[in-house]
């Protein structure tokens with residue numbers, strides 16, 4: 018059951034447990050600090066990718082706006098981390114909760130539009146959030162609502178949890194949070210909401226004829242996905258610590274996100290890991306060892322766009338073969 | 234008993250249903266007519282997918298049209314579709330359970346018993362844990378029927394459930410349909426072009442043509458009604 022939910026016939030709890038043990042204990046010994054930093058990025062990004070994949074692959078909702086709850090989760094968590102003594106895990110939940118509320122608001126248009134129109138509407142809403150984040154900027158230890166320091170000397174890094182201040186400890190913390198977020202998604206997908214989402218995705222008339230409130234379950238999906246992205250945003254702030262800018266949550270980041278998620282695969286939570294690997298490991302490897310920074314800056318989206326086109330063509334052919342497309 | 238009064242549905246300039254007034258009695262009822270007669274439109278009105286321009290539908294003293302679409306299934310209006318709409322990514326059990334957990338009451342164990350019971354009733358116990366995308370069209374048809382009758386439906390709308398089924402499977406389906414009212418207490422309305430299935434299942438039948446009621450009454454009488462022969466059987470003969 019859970020194996021099918023995770024979308025891979027080879028899934029076994031022992032494999033997941035083995036991967037967790039490898040990530041928590043073996044990886045810090047195998048990889049140097051730079052790669053641990055990158056793998057932390059990957060674990061964080063996999064949560065955002067999973068939220069997009071869940072919306073599209075499980076509910077059939079094409080959202081290009083998932084960077085918005087990602088950014089909002091980051092902003093709220095960073096601001097509260099500077100301003101309060103709230104325990105860090107609780108901060109993540111608050112950041113995710115605020116993002117979930119915004120996610121539900123972003124999801125409201127989904128009740129009226131679908132497909133390409135929904136994609137455009139969610140992208141526009143993400144641009145709106147981008148503008149707000151650009152105006153607010155991310156807190157860096159200063160006073161006031163924004164928490165912006167007036168001078169460079171007053172700036173401070175985003176605090177990390179006291180039990181995970183070092184890079185390796187923080188990596189382990191992120192891996193555990195990512196595991197919890199993935200299990201949260203599995204818990205929803207394997208139970209009543211997951212079956213309702215599958216029904217909505219298959220056929221809305223059939224879902225209605227089954228007594229499923231489409232409004233309720235679509236908004237639940239947007240809320241859950243935004244929560245996942247919001248928690249990831251909170252972790253991102255504490256991961257980067259310095260120089261957090263709106264360019265990490267802008268429209269280009271939104272398009273890049275959907276591109277890598279589609280390449281990783283939307284019907285499987287493993288696809289989210291693959292997408293995060295493309296975006297945060299493969300990208301860095303190519304930048305440092307093969308292509309060069311300037312080339313990558315210029316052509317990253319083009320290369321991923323080509324990959325996305327190939328992916329979509331292959332997916333369409335596979336769907337036609339299975340009789341899912343006429 | 235389903236009381237329909239002055240029901241009209243308009244799509245642009247086309248009247249799909251034109252002041253239809255009829256009462257379906259309890260038990261198994263047939264609803265027949267040529268293509269475009271308004272049969273599926275009537276099902277869509279009962280399901281809440283289409284809003285009529287005029288008319289009322291009263292079941293057990295409740296005005297159905299005042300109810301939100303998804304609440305109608307919870308209240309007891311269930312249906313199948315001409316094109317099978319099972320959930321491909323779920324198992325047979327999960328397909329039926331999805332309807333039961335949203336449209337019927339019951340504890341976890343009662344739910345499981347109810348779903349297993351209906352799967353045995355329609356003959357799908359052997360494929361209970363199979364994912365639907367791996368099953369045949371025949372199995373999908375019976376899954377849809379199981380989804381429509383699980384729990385405690387008040388009205389079961391079957392829209393061409395025998396389409397694509399071989400003759401021996403149609404006989405099996407007829408046995409199932411005949412026993413639904415006794416098993417669940419629901420009124421069944423069967424739409425199908427297979428007259429032998431309608432005759433085998435339904436004691437009472439209504440006939441629509443161009444959105445209007447042509448005839449209604451005991452099936453044997455209706456099928457020999459001259460207006461019906463002209464509208465429906467005559468067309469087949471031609």
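Protein chains in written order, with the working numbering: chain Y, 18 to 343; chain W, 234 to 471.
Quick reminder that beta carbons are idealized off the backbone N, C-alpha and C, glycines included.
Would you say residue i reaches chain W, if we count a Cβ-Cβ gap shorter than 8 Å as a contact?
i: residue 202/Y; result: no
i: residue 225/Y; result: yes
i: residue 347/Y; result: A question about residue 347/Y goes unanswered here, because the residues of chain Y that appear run from 18 up to 343.
i: residue 212/Y; result: yes
i: residue 30/Y; result: no
i: residue 222/Y; result: yes
Answer with yes or no whether the minimum CB distance from residue i to chain Y is below 8 Å.
i: residue 314/W; result: yes
i: residue 402/W; result: no
i: residue 338/W; result: no
i: residue 396/W; result: no
i: residue 327/W; result: yes
i: residue 281/W; result: yes
i: residue 332/W; result: yes
i: residue 457/W; result: no
i: residue 371/W; result: no
i: residue 380/W; result: yes
Is residue i near residue j, with beta carbons less than 8 Å apart?
i: residue 280/W; j: residue 226/Y; result: yes
i: residue 242/Y; j: residue 175/Y; result: no
i: residue 290/W; j: residue 297/W; result: yes
i: residue 253/W; j: residue 264/W; result: no
i: residue 337/W; j: residue 441/W; result: no
i: residue 82/Y; j: residue 94/Y; result: no
i: residue 77/Y; j: residue 218/Y; result: yes
i: residue 278/Y; j: residue 66/Y; result: yes
i: residue 317/W; j: residue 402/W; result: no
i: residue 191/Y; j: residue 252/Y; result: yes
i: residue 248/Y; j: residue 72/Y; result: no
i: residue 114/Y; j: residue 244/Y; result: yes
i: residue 215/Y; j: residue 322/W; result: yes
Could you spell out where the beta strand (DSSP E) holding residue i opens and where it closes?
i: residue 236/W; result: 235 to 244
i: residue 217/W; result: Absent from the structure is residue 217/W, since the part of chain W shown begins at 234 and ends at 471.
i: residue 255/W; result: 247 to 257
i: residue 229/Y; result: Neither: residue 229/Y is in no beta strand (DSSP E) and is coded neither H nor E.
i: residue 449/W; result: 445 to 451
i: residue 312/W; result: 310 to 312
i: residue 391/W; result: 388 to 392
i: residue 32/Y; result: No beta strand (DSSP E) contains residue 32/Y, which is instead part of the alpha helix (DSSP H) from 30 to 38.
i: residue 424/W; result: 420 to 424
Starting from residue i, find everything on chain W with Cβ-Cβ shorter than 7 Å and list it in chain order.
i: residue 10/Y; result: Outside the modelled stretch of chain Y, which goes from 18 to 343, sits residue 10/Y, for which no answer is possible.
i: residue 45/Y; result: The premise fails here: residue 45/Y is roughly 38 Å from chain W at the closest Cβ pair, so nothing lies under 7 Å.
i: residue 209/Y; result: 334
Is residue i buried or exposed, if buried means 16 or more other CB atoms sit within 10 Å of its CB?
i: residue 213/Y; result: buried
i: residue 68/Y; result: buried
i: residue 187/Y; result: buried
i: residue 134/Y; result: exposed
i: residue 308/W; result: buried
i: residue 258/W; result: exposed
i: residue 35/Y; result: exposed
i: residue 2/Y; result: This structure leaves residue 2/Y out entirely; chain Y is present only between 18 and 343.
i: residue 301/W; result: exposed
Taking residue i as the query, report the chain Y residues whose CB atoms sit under 7 Å from its CB, ordered along the chain.
i: residue 320/W; result: 215, 216 and 219
i: residue 298/W; result: Per Cβ cutoff of 7 Å: no residues; residue 298/W is ~15 Å from chain Y at best.
i: residue 323/W; result: 212 and 215
Can you pull the chain W residues whose beta carbon is under 9 Å from the beta carbon of residue i, in chain order?
i: residue 178/Y; result: Near residue 178/Y there are no residues of chain W at all, since even the closest Cβ is about 38 Å away, more than 9 Å.
Please compile the residues from chain Y whose C-beta is within a distance smaller than 9 Å of the C-beta of residue i.
i: residue 306/W; result: 225, 226, 227, 228 and 229
i: residue 352/W; result: Result: empty, since nearest Cβ-Cβ is about 16 Å, beyond 9 Å.
Is any beta-carbon of chain B found at less than 8 Å from that of residue i?
i: residue 374/W; result: Protein chains in the displayed structure are Y and W, and chain B is not among them.
Taking residue i as the query, report the chain Y residues whose CB atoms sit under 8 Å from its CB, ordered along the chain.
i: residue 460/W; result: Within 8 Å Cβ-Cβ: nothing; residue 460/W doesn't reach chain Y, min ~32 Å.
i: residue 311/W; result: 226
Which residues bound the alpha helix (DSSP H) around residue i?
i: residue 278/W; result: 272 to 280
i: residue 189/Y; result: 184 to 206
i: residue 149/Y; result: 132 to 153
i: residue 92/Y; result: 84 to 100
i: residue 283/Y; result: Taken as a continuous stretch (DSSP letters only), residue 283/Y belongs to no alpha helix (DSSP H), as it is neither H nor E.
i: residue 177/Y; result: That residue, residue 177/Y, is in no alpha helix (DSSP H); it is neither H nor E in DSSP.
i: residue 382/W; result: 370 to 382
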